[in-house]
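Worksheet for the structure shown next.
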Amino acid sequence: MLSERRIDLSPVVHDEVKYTTCYMCACRCGIRVHLKDGLVRYIEGNRNHPTNKGVLCGKGSSGIMQHYSPARLRKPLRRVGERGEAKFEEIEWEEALALATDWLGGIRATDPKKLAFFTGRDQSQSLTGWWANQFGTPNFAAHGGFCSVNMAAGGLYTIGGSFWEFGEPDWDRAKYFLLFGVAEDHDSNPIKTGLGKLKARGAKVVSVNPIRTGYSAVADEWVGIRPGTDGLFVMALIHELLHADRIDDAYLVRYTNAPWLVIRAPGDPDHGLFARGADGAPLCYDHATGTLVDAREANIMPALVGTHTLPDGRKAVTSFQLLAERYMAPEYSPDAVAERCGVAAADIRRIAMELAHVAFEEAIELDIPWTDWAGRRHETTIGRPVAMHAMRGISAHTNGFHTCRAIHLLQVLLGAVECPGGFRFKPPFPKPIPPGPKPAGKTVTPGKPLGGMPLGFTTGPEDLLVEADGTPIRIDKAYSWEAPLSSHGLMHMVITNAWKGDPYPIDTLFMYMANMSWNSTMNTKGVMEMLTDRDPATGEYRIPRIIYSDAYFSEMVAYADLILPDTTYLERWDCISLLDRPICEADGPADAIRQPVVEPDRDVRAFQTVLLDLGARLGLPGMTNEDGSPKFPGGYPDYIVNHERTPGIGPLAGWRGAAGETFGRGAVNPDQLRRYVENECFWAHHLEPGQKFYKFANRDYLEFAVHMGFIASSDPIVLQLYSEPMQKFRLAAEGHGSVQPPDHLRARVKEAFDPLPVWYVPFEEAKVDTDAFPLHALTQRPMIMYHSWGSQNAWLRQILGSNKLYVAAVTGRRMGIADGDWVRVTSHNGTIKVQVKLMEGLNPDTVWTWNAIGKRAGAWNLAPDAGEARKGFLLNHLISELLPPESCGRRLSNSDPVTGQAAWFDLRVRIEKCEPGEEAVSEPQFPVIERPVGLEPAPEVNRYGSAFRRPR
Amino acid sequence: MTSLPAERGAKRLGLVIDLDTCVGCHACATNCKEWNTGGHSAPLTDVNAYQAEQRGVWFNRVHTFEAGQGADGRTVHFPKNCLHCEFPDCVTVCPTGASYKRAEDGIVLVDHDKCIGCKLCSWACAYGAREFDEDEGVMKKCTLCIDKIYNTRLPEADRVPACVATCPSRARHFGDLGDPHSAVSKLVAERGGFDLLPELGYQPTTKYLPPRPAARPLDNVGQRPRPANEDPAPAGFLRWMDRMLSR
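Chains as they are written, first to last, in my numbering: chain A, 1 to 952; chain B, 1 to 247.
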């Protein structure tokens with residue numbers, strides 16, 4: 001038996017390879033899809049793509065199973081049973097669209113606010129926001145309010161950019177990397193690749209996370225911090241750096257508002273605002289002339305500290321002095337914070353000195369000349385090779401906005417923002433701080449557009465969307481005194497508020513890709529009840545109509561009245577636009593498209609095409625020609641090419657101009673999509689070396705950014721350590737100005753709107769009895785699942801098909817809880833029953849589980865007895881969308897008081913061992929959702945690939 | 001029983017897997033599944049794909065475990081697939097000649113037409129690398145993507161195993177470990193690459209790289225000098241009072 005079989009070493013792999021963009025998570029990598037006999041044979045990363053450079057993660061590599069999922073919806077559905085029963089009839093698209101047009105047309109003609117249009121993890125928010133604007137409702141947002149608005153707003157109000165989509169660590173040059181919290185899916189492949197590069201170079205990786213999984217597992221140092229105390233930890237690092245005089249003061253003077261003078265006149269309406277000259281210019285004290293001058297001038301010698309007398313006789317002090325006074329105080333010393341953070345003071349001191357050592361003694365000097373905003377040429381580019389990254393672990397707390405700002409302060413004090421080796425902006429960022437425009441929606445007129453985009457950036461109380469009496473204008477209460485800087489809205493409050501009719505009832509809830517009756521909501525059981533609750537007076541549902549678009553049979557489908565089935569990501573056109581959430585890199589702007597690589601085998605349509613169709617049927621101005629005909633009869637690809645947001649600027653930046661001769665700004669190019677397809681479905685522009693760093697003060701970059709339409713003016717962007725918009729809201733809370741917070745929020749606004757980062761106890765912790773709820777409870781992102789999507793994937797659910805509650809081994813031993821025991825977990829909002837797994841690498845006061853693994857029985861076309869339903873569970877049942885009551889009985893949303901960010905990670909719980917003999921099933925359980933009409937039962941054996949088999 | 005090839009070439013194709021940078025993302029596992037379910041061993045069947053007790057054929061699996069206690073411990077992501085041993089018992093126990101080791105490059109394969117599904121090989125493999133397709137009744141295993149690495153229809157750059165091409169943290173390397181001058185052999189030498197269970201004598205071709213020693217606590221940094229009575233604010237910031245800095 002020695003003969004080796006002859007095997008075919010060069011079988012035909014494909015008939016064709018098509019390029020497109022992955023959508024197995026939000027990372028948006030370039031992929032090559034191999035097609036054979038009309039089927040998807042293989043998906044791999046595109047080596048030339050700027051995001052992933054050829055690699056593809058565990059999710060992206062499972063795209064075949066997502067595309068062929070048995071949970072794919074097949075045809076429009078209309079509810080025929082009760083909500084939640086999933087009893088539908090199949091209807092034709094024409095009927096579905098006529099029905100939606102009828103519902104929405106009536107709303108638009110009478111009161112456009114009665115449409116609440118909220119989209120989930122879609123990547124077309126520049127279209128969906130514009131559609132809401134054209135419809136005329138302010139009640140629009142995507143999922144950012146429950147995802148990471150603290151990260152976005154914290155960055156945009158401080159440095160003009162943020163982690164992930166608006167900036168990235170300089171993976172190629174950093175020598176020290178500080179990673180905060182869970183970050184596994186934002187941004188997926190670039191972080192993995194970056195960690196590989198850092199470690200190969202011997203850079204130090206420090207992970208600050210209560211849980212040692214994923215990236216924390218390969219870190220050189222794991223800091224198992226107590227949840228919600230990262231801000232204190234960072235402020236203690238700042239304390240050490242200030243006391244040791246280990247900050248980049250030259251950088252602070254040149255690029256930040258550190259020397260700007262702040263008015264000190266307690267009681268005055270402008271106390272705490274910047275002292276400004278007659279022309280509005282912020283002032284600083286110039287050592288060279290001994291006078292107060294425009295702080296933005298070049299070649300002055302601004303004082304970093306000191307008190308000065310203003311022309312009106314009042315005193316003013318530099319913002320840096322306020323900063324130094326705060327963080328040099330003993331309350332921020334490592335000794336003072338160590339116990340609360342669960343991190344030894346000596347470790348905090350050491351990490352501070354390590355940061356300083358790398359920033360200053362291991363500084364980088366690149367042989368790259370550049371020219372600053374004042375026209376001064378610098379022969380080299382200096383770098384402070386300390387980089388940081390943070391995401392939801394920081395965001396999802398009620399103190400997350402300030403913690404995020406504190407991290408940026410730390411980076412800026414080290415001079416490590418936008419330099420080689422540090423944190424670098426991705427164009428179109430940095431933008432002015434904060435970027436414009438302001439949110440639209442102060443007036444809502446039937447039959448008319450809103451007059452601007454519903455989401456924007458407030459700079460003071462006058463920008464809030466509140467009625468004269470303070471009542472919120474938006475259904476989610478975004479831009480009200482409950483969440484003045486809520487740049488992404490508060491999707492997690494929409495259903496609760498609409499159900500309550502607070503601030504008013506709505507008519508139609510229109511949602512896309514948001515599993516709001518399950519893993520995407522807080523208080524899941526309560527929300528399911530709200531969706532099915534009827535007004536006893538009328539017998540009608542309290543939320544009268546729900547339209548929902550999804551590609552799959554998610555839990556939310558059962559709760560909608562009209563289902564508009566979407567395509568899979570391999571069946572559609574899309575644009576990953578600079579107007580939206582781009583895929584740029586620090587070295588240059590980039591955008592991308594999806595193209596259909598296979599045709600749908602079902603009666604489904606891409607949601608964006610459906611939305612444009614609905615817009616034309618409703619006669620929305622931007623979507624309708626003067627003769628009433630649709631402006632984009634070719635659907636979404638037609639819009640992608642032909643829509644112009646401002647003259648010459650459209651969804652795609654590449655190959656603009658009639659012949660594709662230009663980029664960024666240029667006429668519509670009818671051939672644009674073909675050019676993208678030819679270029680592997682992306683466009684990337686590489687900045688000149690002299691444009692790549694210090695973009696906020698780099699003349700050549702700023703002029704380029706103006707040309708591209710990223711920013712309106714090439715004035716330098718001055719980093720805002722001290723935040724004047726914050727102080728404006730605080731002044732209002734102190735009684736100044738005409739737009740006043742309601743009295744019950746006055747103290748909270750005053751405390752939360754500190755112009756310098758501050759730390760406070762997370763709200764739930766402050767309100768509950770911490771003896772009764774002694775543990776923090778968190779979720780982490782499995783690297784192989786994107787929210788709830790992965791469980792329908794035959795491959796991914798074999799890797800993670802049910803979840804357990806991880807308990808620190810030391811805590812488990814203390815409580816007599818062993819691996820595999822079942823426990824009840826109780827919060828102020830409810831109780832769940834789950835199975836335990838003990839773990840060493842875990843903060844002892846913290847329990848956690850994987851996000852979104854638990855499924856409702858029957859959903860996603862899984863068998864009702866699947867592990868996801870019987871053993872998997874959601875922590876969401878324990879998390880209330882409302883905080884425990886105030887003394888007056890009022891309940892505020894469980895959100896950051898600045899941005900409205902959902903505070904998922906503030907959760908406090910206790911655990912108690914179940915009685916022996918209890919059934920090994922997670923609780924709560926809900927009635928099985930029946931498979932809707934049109935879906936076939938899922939197969940038991942998956943032999944995908946057998947069709948490609950050739951003689952071996 | 002099956003003999004190993006009497007005459008072998010010098011080439012020993014295999015992997016080098018870096019435990020220092022594997023973050024446990026399972027890209028190797030799913031990209032492998034994706035290539036191979038339509039490849040030489042197609043399909044990599046899944047049973048109860050959408051039901052309880054789901055399971056299937058995987059040529060790559062990533063195990064995660066903890067070593068050591070508390071903060072001093074370590075979480076390890078350990079990707080595992082066939083090591084293409086020099087002396088593989090999985091081959092020699094095969095009663096039909098279905099399992100064999102290629103003389104040319106050392107890759108261990110299964111001829112599915114000869115396999116009777118007796119599972120002796122999976123019992124013999126100390127590494128648990130054999131995968132039984134219960135639907136087809138035959139044993140399957142990692143082929144090192146033999147229909148990819150030699151596939152002249154693909155561009156040369158793509159002729160690497162799927163798990164290596166896709167690994168986001170570049171924790172996997174492919175090459176000729178029989179050639180001491182190859183990139184992978186040098187990597188093994190530089191990083192102290194090791195065999196799994198060397199005492200069993202299988203001489204696996206694939207090597208693992210250990211975690212690098214944790215990068216500094218930067219011992220040359222020291223601690224900030226701490227005066228006995230540290231001056232709290234406001235006086236602490238006075239050091240910046242006269243500093244002349246140009247904007």
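Glycine residues also receive a C-beta, built at the ideal position from the N, C-alpha and C atoms.
With the criterion set as a beta carbon lying under 9 angstroms from some beta carbon of chain A, the members of the stretch 166-185 of chain B are Thr166, Cys167, Pro168, Ser169, Arg170, Ala171, in sequence order.
The alpha-carbon separation between lysine 141 of chain B and phenylalanine 78 of chain B amounts to approximately 18 angstroms. Rounded to whole angstroms, the Cβ separation of cysteine 57 of chain A and lysine 192 of chain A is 7 angstroms, and the two are in contact under 8 angstroms.
The criterion of a C-beta distance shorter than 8 angstroms is satisfied by isoleucine 817 of chain A and valine 836 of chain A.
For tyrosine 806 of chain A, the enclosing beta strand (DSSP E) stretches over residues 805-808.
Using a Cβ distance threshold of 8 angstroms, isoleucine 543 of chain A and leucine 562 of chain A do not count as a contacting pair. The DSSP-derived three-state label of tyrosine 676 of chain A is helix.
Closest in C-alpha terms to threonine 30 of chain B, from the list A:Met785, A:Val898, A:Phe905, comes A:Met785.
In the structure shown, histidine 308 of chain A adopts extended strand secondary structure according to DSSP, grouped into three states.
Nearest Cα to tyrosine 639 of chain A within the set A:Leu39, A:Lys442, A:Ala100, A:Trp573: A:Trp573.
Residue environment analysis places arginine 79 of chain A among the buried positions, since at least 16 neighbouring C-beta atoms fall within 10 angstroms of its C-beta. About 5 angstroms separates the beta carbons of proline 302 of chain A and valine 253 of chain A, which is inside the 8 angstroms limit, making them a contact pair. Of the residues A:Glu734, A:Thr770, A:Arg340, A:Gly267, the one whose Cα lies closest to the Cα of phenylalanine 753 of chain A is A:Glu734.
Contact between tryptophan 260 of chain A and proline 282 of chain A holds, since their C-beta atoms are separated by about 5 angstroms, short of 8 angstroms.
Ala938, Pro939, Glu940, Val941, Asn942, Arg943, Tyr944, Gly945, Ser946, Phe948, Arg949: these are the residues of the stretch 933-951 of chain A whose beta carbon lies less than 7 angstroms from some beta carbon of chain B, given in chain order. Under the three-state reduction of DSSP, serine 122 of chain B is assigned to helix. Fully contained in the stretch 190-247 of chain A are the following beta strand (DSSP E) runs of length 3 or more, in chain order: 204-208, 221-223. The beta-carbon of proline 302 of chain A is placed less than 8 angstroms from the nearest beta-carbon of chain B.
Looking at the backbone, the Cα of leucine 13 of chain B and that of phenylalanine 65 of chain B are separated by about 28 angstroms. Taking CB atoms only, alanine 189 of chain B has no neighbour in chain A less than 8 angstroms away. Within the stretch 134-146 of chain B, contact with chain A at the beta-carbon level (separation under 8 angstroms) is assigned to Asp135, Ile146. For isoleucine 146 of chain B, there is no enclosing beta strand (DSSP E); the enclosing alpha helix (DSSP H) covers residues 146-149. When DSSP reads this structure, arginine 424 of chain A sits in a beta bridge with A:Glu168. Selection A:Ala344, A:Leu883, A:Gly615 evaluated against aspartate 335 of chain A yields A:Ala344 as nearest (Cα-Cα). At least 8 angstroms separates the CB of glycine 193 of chain B from every CB of chain A. Close partners of phenylalanine 237 of chain B in chain A (Cβ separation under 7 angstroms): Val305, Gln321, Ala324, Glu325, Met328. It is roughly 8 angstroms from the alpha-carbon of tryptophan 123 of chain B to the alpha-carbon of cysteine 90 of chain B. Cβ contact annotation for leucine 178 of chain A (same chain, cutoff 6 angstroms, sequence separation greater than five): Val206, Met388, in chain order.
For glycine 38 of chain B, the chain A residues whose Cβ falls inside 7 angstroms of its Cβ are Arg41, Tyr42, Gly945, Phe948, in order along the chain. Cβ-Cβ separation between proline 420 of chain A and phenylalanine 693 of chain A: approximately 6 angstroms, consistent with a contact (criterion under 8 angstroms).
Contact of alanine 49 of chain B with chain A is assigned, a C-beta pair being separated by under 8 angstroms.
Counting only runs of at least 3 residues, the stretch 765-805 of chain A fully encloses the following beta strand (DSSP E) elements, listed from N- to C-terminal order: 775-780. For the stretch 852-864 of chain A, the beta-carbon criterion of a distance under 7 angstroms to any beta-carbon of chain B is satisfied by Asn861, Leu862, Ala863.
Measuring C-alpha to C-alpha distances from arginine 153 of chain B to each of A:Val17, A:Arg173, A:Lys53 identifies A:Val17 as the nearest. Counting other Cβ atoms within 10 Å of its Cβ, cysteine 341 of chain A reaches 16 or more and is therefore classed as buried. In this structure, isoleucine 238 of chain A places its C-beta atom within 8 angstroms of the C-beta atom of leucine 413 of chain A.
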